[in-house]
Amino acid sequence: KYRFELSIAKGDDQTESAVTKQAAVSESAQRLQKYIGKYPREMFKNEPAIMKRLKVLLGKDYNLLEPNMDVQGPIQLEEGGLVMEGNAQHAGGVEDAYLEITLLDDRLHCAIRSGDFGGKLKRFSEDPQNMPAFIREIE
């Protein structure tokens, strides 16, 4: 399944081909796609690497994610990304969270609305220049 190309030019080492990179992306996408239609808490429980990356991405605001995803909808596939959203119990529209994992590049994008931010929405992204519309267009 993996193919490596060896470059003969002086000083070059073995390099990863586009085919290899695509295979790796496909494996990650396949693994995560099994969560479509399931609730985010199941993915969070079974994918500790994602939780670790979310902690790094959100920093001190990570503690807002869990309560703001307490009431969750199932994970959906939208425009090449796994999207999930939720809110704190009895606080929809005031304390909520949104997460997208883009399958092509396996990047995390998140938005949290909280009283800690004056009721405003704060966005987080591993790739801010390519933040997907789902996160970018939340009001």
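Take any residue in the sequence shown, note its place counting from 1, add 26, and you have its number in this note's numbering.
Glycine included, each C-beta is placed from N, C-alpha and C at the ideal position.
Check whether Val109 and Gln98 have beta carbons under 9 Å apart: no
What beta strand (DSSP E) runs, 3 residues minimum, are completely inside the segment 73 to 139? 102 to 104, 107 to 113, 122 to 128 and 133 to 139
Asp153: buried (16+ other C-beta within 10 angstroms of its C-beta) or exposed? exposed
Is the beta carbon of Arg79 sitting closer than 9 Å to the one on Leu130? no
Please report the distance separating the alpha-carbon of Glu53 from that of Phe143. 37 Å
Which of the three DSSP states is assigned to Lys148 in this structure? strand
My understanding is that Ile138 touches Leu90, with C-beta atoms under 8 Å, so please give their C-beta distance in whole angstroms. 5 Å
What is the C-beta distance between Ile161 and Cys136, in whole angstroms, given that I count them as a contact (C-beta under 8 Å)? 7 Å
May I have the straight-line CA-CA distance separating Asp132 from Ala117, to the nearest angstrom? 30 Å
In this structure, how does DSSP classify Ser43 when only helix, strand and coil are distinguished? Bear in mind that a pLDDT of 42 at Ser43, under 50, signals an unreliable position, so the model cannot answer this.
Measuring straight from C-alpha to C-alpha, what distance separates Ala159 and Phe150? 13 Å
Beta-carbon proximity list for Gly141, same chain, < 8 Å, skipping 5 on both sides: Val120 and Glu121
Spatially closest choice to Asp96 from Pro66, Ile127, Ala55 and Gly107, by CA coordinates: Pro66
Helix, strand or coil: how does DSSP classify Lys60 here? coil
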